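See structure below.
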Amino acid sequence: MIPLLIALLIPLVGAVLIMHPDLKKPHVIAWLCISSPFIILCTYIPATTTPLTYSLVLWMSPLQFSIFIDRLSLLIALLISFLFSIVCLYSFHMKSRRYFSLFLLDLPVLLLSLFSQSLLGFYICLEMSTVITYFLIIHKKTHESMRGGFIYIIMNLLGATLILLGILLGIELPSLASTLFIAGCLVKAGFVPAHVWITHAHPVAPSPISALLSGVMVKVGIYGIIRFSPSFKADISLLIPIALVSMLLGAFAALLQTDIKKILAYSTVSQIGFILLGISFMSETGEMGGLLHLVNHALFKGLLFLSVGAIIYSTETRDLHDLGGLAKHMPVTAAACIVGSLAISGIPPFNGYVSKCILSEASPAGYITLIFLITCAGTLASFIKLFRHIFMGPLGKNLPRRKIPFSMKIPLIIISCLCLFTGIFSGGILSFVGYQPHIHTWSTSHL
Numbered sequence: 018m019i020p021l022l023i024a025l026l027i028p029l030v031g032a033v034l035i036m037h038p039d040l041k042k043p044h045v046i047a048w049l050c051i052s053s054p055f056i057i058l059c060t061y062i063p064a065t066t067t068p069l070t071y072s073l074v075l076w077m078s079p080l081q082f083s084i085f086i087d088r089l090s091l092l093i094a095l096l097i098s099f100l101f102s103i104v105c106l107y108s109f110h111m112k113s114r115r116y117f118s119l120f121l122l123d124l125p126v127l128l129l130s131l132f133s134q135s136l137l138g139f140y141i142c143l144e145m146s147t148v149i150t151y152f153l154i155i156h157k158k159t160h161e162s163m164r165g166g167f168i169y170i171i172m173n174l175l176g177a178t179l180i181l182l183g184i185l186l187g188i189e190l191p192s193l194a195s196t197l198f199i200a201g202c203l204v205k206a207g208f209v210p211a212h213v214w215i216t217h218a219h220p221v222a223p224s225p226i227s228a229l230l231s232g233v234m235v236k237v238g239i240y241g242i243i244r245f246s247p248s249f250k251a252d253i254s255l256l257i258p259i260a261l262v263s264m265l266l267g268a269f270a271a272l273l274q275t276d277i278k279k280i281l282a283y284s285t286v287s288q289i290g291f292i293l294l295g296i297s298f299m300s301e302t303g304e305m306g307g308l309l310h311l312v313n314h315a316l317f318k319g320l321l322f323l324s325v326g327a328i329i330y331s332t333e334t335r336d337l338h339d340l341g342g343l344a345k346h347m348p349v350t351a352a353a354c355i356v357g358s359l360a361i362s363g364i365p366p367f368n369g370y371v372s373k374c375i376l377s378e379a380s381p382a383g384y385i386t387l388i389f390l391i392t393c394a395g396t397l398a399s400f401i402k403l404f405r406h407i408f409m410g411p412l413g414k415n416l417p418r419r420k421i422p423f424s425m426k427i428p429l430i431i432i433s434c435l436c437l438f439t440g441i442f443s444g445g446i447l448s449f450v451g452y453q454p455h456i457h458t459w460s461t462s463h464l
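Put into structure tokens, the structure is as follows:
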């Protein structure tokens with residue numbers, strides 16, 4: 018219990034310390050503080066063969082906060098804390114004390130939402146994170162970012178209201194409560210028709226925050242469905258149509274975009290549809306595929322947003338038509354973008370290939386498989402378009418104006434390697450959370 022408290026307290030203390038004007042190199046202090054939870058949580062890996070339960074008694078209060086750590090919550094917590102650490106390193110060029118302070122505040126409340134044993138605890142921590150994330154989205158304080166932040170907060174308040182109503186009505190009206198809670202989680206995750214906050218907030222947020230919005234924030238809403246829907250005895254197979262519509266709309270809307278961050282935002286809508294689809298099958302194979310794609314998407318979409326962020330940092334534009342021929346000028350970014358594009362498109366031997374093959378295997382109907390394949394084709398077309406316009410052909414109107422710092426290149430290299438590693442050794446992730454994956458021809462370890 019003490020190591021977990023330390024993991025939660027270090028970022029909170031760091032958030033206060035780095036606001037002191039006399040403290041030098043706040044970005045380095047922030048990175049050291051934000052990396053600590055990941056290191057400490059790694060020590061819980063051998064201890065969670067059986068779930069761990071703790072109770073925090075709030076000071077001068079009869080209330081208790083129950084913490085529940087099992088392999089599922091620990092896996093997502095490790096994923097989130099790792100991404101926060103890597104994105105913090107990527108953010109070194111920002112230098113803003115306020116930015117890093119908010120960054121440090123966000124991680125502990127997200128971890129508490131994952132480890133909360135109660136619905137109310139999950140709700141409170143999730144809403145604290147929502148408020149902090151809002152201020153990170155509007156960090157630039159431009160008209161565009163304020164508008165995107167407004168849409169984000171309004172949609173998430175709607176989701177929060179639905180979740181709270183579901184919690185309050187849980188005993189008296191269980192069927193209605195189940196519908197409201199799951200609907201609230203779907204809004205938080207950005208599924209169609211509530212996807213508007215994703216497509217407005219992602220493009221205007223700082224690129225590191227866009228990576229976290231897609232790689233982390235939407236996953237917590239999905240985690241809420243996985244963790245708490247059994248409490249409501251909900252039939253989540255009814256969510257299959259929502260998953261399919263999100264998949265198709267996101268993939269083909271991405272094809273129509275010329276803003277490089279909007280392409281990634283719409284592809285997020287599509288990819289979370291894949292995750293929900295697997296969970297909605299209510300089979301072990303479907304759950305395996307959905308959970309694995311949740312992990313994989315956090316990695317390859319984080320990689321893509323950070324790659325695009327490096328392009329925007331260097332060229333100062335998000336417009337595809339102003340870019341071109343950058344492969345020679347930005348080879349590391351180009352290589353990372355290739356890896357991310359291949360992974361999200363389901364091309365072996367990268368991680369997206371494995372999870373999409375498992376999801377395809379789990380499909381219970383031919384029409385679902387057909388929509389699945391059409392969406393995969395749309396995704397591939399989107400990222401061929403993205404890569405061709407940015408890195409190939411003659412130089413565009415906006416040439417690289419700033420050199421990419423080393424602190425931005427390291428995260429691209431690390432996550433690129435992980436996209437390959439988790440593709441080859443994906444069985445270890447599934448075994449960690451208690452599944453017994455069978456060896457099939459879709460496994461990249463047999464290629």
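Quick note on numbering: the sequence shown equals residues 18 to 464 in this note's numbering. Heads up, the beta-carbon is just placed ideally off N, CA and C, and yes, glycines get one too. The model shown is predicted, which means the values in this text are computed figures rather than measured ones.
Taking just the CA atoms, how far does Leu127 sit from Ala24?
Position 7 of the sequence shown, counting from 1, holds the residue named residue 24. Position 110 of the sequence shown, counting from 1, holds the residue named residue 127. Near 12 Å, if we compare the C-alpha coordinates of Leu127 and Ala24.
Around the C-beta of Met36, are 16 or more other C-beta atoms found within 10 angstroms, so that it is buried, or is it exposed?
Counting from 1 along the sequence shown, the entry for residue 36 is found at position 19. Counting Cβ neighbours within 10 Å, Met36 comes out exposed, since fewer than 16 surround it.
Kindly indicate the opening and closing residues of the alpha helix (DSSP H) around Arg115.
Locating residue 115 in the sequence shown gives position 98, where the first residue counts as 1. According to the DSSP assignment, Arg115 belongs to the alpha helix (DSSP H) that extends over 114-132.
Within 8 Å, do at least three Cβ pairs link the stretch 192-211 to the stretch 227-245?
Note that the stretch 227-245 touches the stretch 192-211; at least 3 beta-carbon pairs, one per stretch, sit closer than 8 Å.
Suppose contacts are defined by Cβ-Cβ distances below 8 Å. Is Met282 in contact with Thr216 by that definition?
Numbered from its first residue, the sequence shown carries residue 282 at position 265. Numbered from its first residue, the sequence shown carries residue 216 at position 199. A small fix is needed here, since residue 282 is Ala in this sequence, not Met. Contact: yes.
So, with DSSP's three-state summary, where would you put Phe85?
Here residue 85 corresponds to residue number 68 of the sequence shown, with the count starting at 1. Three-state DSSP puts Phe85 in a strand.
Determine, using beta-carbon pairs with one atom in the stretch 373-393 and one in the stretch 263-280, whether at least three such pairs fall under 8 Å.
Yes: at least three Cβ pairs fall under 8 Å.
At a cut of 8 Å, does the stretch 397-407 reach the stretch 341-361 through at least three beta carbon pairs?
Below 8 Å, enough C-beta pairs join the stretch 397-407 and the stretch 341-361 to call them touching: three or more.
Give me the Cα-Cα distance between Cys59 and Ser135, rounded to the nearest whole angstrom.
Numbered from its first residue, the sequence shown carries residue 59 at position 42. Numbered from its first residue, the sequence shown carries residue 135 at position 118. Taking the straight line joining both Cα atoms gives about 24 Å.
Are the CB atoms of Met299 and Ile253 nearer to each other than 8 Å?
Against the sequence shown, residue 299 aligns to sequence position 282. Against the sequence shown, residue 253 aligns to sequence position 236. Cβ atoms of Met299 and Ile253: closer than 8 Å.
Throw me the rounded Cβ distance for the His314 and Gly295 pair, which I believe falls under 8 Å.
For the purposes of this step, residue 314 is taken as residue 297 along the sequence shown, with counting starting at 1. For the purposes of this step, residue 295 is taken as residue 278 along the sequence shown, with counting starting at 1. Not really, about 11 Å apart at Cβ, beyond 8 Å.
Between Trp48 and the ligand ATP, is the CB less than 7 Å from at least one heavy atom?
This structure lacks the ligand ATP; in fact it carries no ligand of any kind.
Contact under 8 Å by Cβ, Pro68 with Ile46:
For the purposes of this step, residue 68 is taken as the residue at position 51 of the sequence shown. For the purposes of this step, residue 46 is taken as the residue at position 29 of the sequence shown. Their beta carbons are not under 8 Å apart, which means Pro68 does not touch Ile46 by this criterion.
Let me know the secondary structure DSSP gives Leu22 once reduced to three states.
One-based indexing of the sequence shown puts residue 22 at position 5. The three-state secondary structure of Leu22, taken from DSSP, is helix.
In this structure, does DSSP put Ser90 in helix, strand or coil?
Here residue 90 corresponds to residue number 73 of the sequence shown, with the count starting at 1. Helix.
Should Thr350 and Leu340 be called a contact, given that it needs their Cβ atoms to be closer than 8 Å?
On the sequence shown, residue 350 is found 333 positions in, with the first residue counted as 1. On the sequence shown, residue 340 is found 323 positions in, with the first residue counted as 1. Result no, Cβ atoms of Thr350 and Leu340 do not sit closer than 8 Å.
Determine the DSSP secondary structure at Tyr71, reduced to helix, strand or coil.
Here residue 71 is taken as the residue at index 54 of the sequence shown, counted from 1. Tyr71 falls in the strand class under three-state DSSP.
When the Cα of Cys436 is compared with those of Lys345, Ile355, Trp48, which residue comes out closest?
Reading the sequence shown from its first residue, position 419 is the one you call residue 436. When each option's Cα is compared against that of Cys436, the closest is Ile355.
Suppose the cutoff is 6 Å on Cβ atoms and the five residues either side in sequence are ignored; what does the same chain contact list for Leu29 look like?
To locate residue 29, count along the sequence shown from 1; it is residue 12. If we look at Leu29 and ignore the five residues flanking it on each side, its Cβ neighbours are Pro125.
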